Amino acid sequence: METESLAQALQREHQEIDAGIAAFAASPGDRQPLTRAIRALRRHIYLEEEFLFPLLCRAEPGLAAPTLVMLGEHARIWAILELLEDAPDARARLALGKQLAGHLLHHNLKEEKVLYPRADDILPPAAADRLQAFIARGDLPEGWVCLKARPAASDAGR
Ligand SMILES: [Fe+2]
Ligand SMILES: [Fe+2]
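When you number the sequence shown by our numbering, it's gap-free, plus one each residue, and the end is 157.
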């Protein structure tokens with residue numbers, strides 16, 4: 000199991016989430032794959048925003064710009080997830096699922112080409128191990144919201 004690098008484990012999560020969305024698209028009457036994929040994607044974004052990206056930026060400040068772009072894309076993805084959860088019917092869910100898959104295609108490719116390989120190269124082994132442990136059995140904290148999807152500036156001065 001430890002033979003899977005952190006980059007590979009993160010990429011596997013992308014693939015598992017994609018597969019869940021594809022399974023839903025193939026059989027929209029069954030919402031379980033979609034529900035699972037949404038949960039997994041939120042947890043994946045949490046891992047990236049709270050742990051992976053800060054660690055990468057600390058180890059290599061030049062990665063601040065690309066991670067900032069990823070944060071913006073996460074917010075757009077997050078908005079689609081919220082719409083998906085509130086979608087009134089299968090037709091709306093299907094259209095949103097398609098939109099989500101399109102966003103993920105581009106987003107994931109960038110992470111896999113630019114950020115994940117650096118994670119294998121520059122993160123201290125102990126940090127990489129902690130991230131692997133989270134991938135294996137970590138939980139998304141209840142109510143967590145991705146950084147750029149939080150109400151604008153409502154946090155300032157509180
Ligand atoms: Fe991401
Ligand atoms: Fe990712």
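Glycine included, each C-beta is placed from N, C-alpha and C at the ideal position. As the structure is a prediction and not an experimental result, all values here were calculated from the model.
### Task
Decide if the segment 33 to 44 is in contact with the segment 76 to 84; the criterion is three or more beta carbon pairs, one per stretch, under 8 Å apart.
yes
#### Entry: Proximity test, Ile44 beta-carbon vs ligand 1 heavy atom, cut-off 7 Å
yes
### Task
Between the Cα of Ala6 and those of Ala89, Lys147, Ala91 and Leu46, spot the shortest distance and give me the residue it belongs to.
Leu46
### Task
Answer yes or no: do Ala89 and Gly19 have a C-beta to C-beta separation smaller than 8 Å?
no
### Query
Is the segment 131 to 140 in contact with the segment 55 to 67, if contact means three or more CB pairs nearer than 8 Å?
no
### Task
With a 10 Å radius around its C-beta and 16 neighbouring C-beta atoms as the bar for buried, classify Pro116 as buried or exposed.
exposed
### Residue of Ser4, Glu59 and Ala25 minimising C-alpha distance to Ala185
Because the chain here runs from 0 to 157, residue 185 falls outside it and cannot be looked at.
### Query
Can you list, in chain order, the residues of its chain whose CB lies under 7 Å from that of His73, leaving out five sequence neighbours each side?
Ile44, Glu48, Cys145 and Lys147
### Query
How should Arg41 be labelled, buried or exposed, when 16 other C-beta atoms within 10 angstroms of its C-beta is the threshold for buried?
buried
### Message
Less than 7 Å separating the Cβ of Leu9 from some heavy atom of ligand 2?
### Response
yes
### Query
In terms of residue numbering, what span does the alpha helix (DSSP H) encompassing Lys109 cover?
Ala89 to Lys109
#### Entry: Cut-off 8 Å between Cβ atoms - residues of its own chain near Ala86, not counting five sequence neighbours on either side
Arg92 and Leu95
### Query
When the distance is taken between beta carbons, is Ala118 closer than 8 Å to Leu70?
no
### Task
Verify the contact flag: His13, CB atom, against every heavy atom of ligand 2, threshold strictly below 7 Å.
yes
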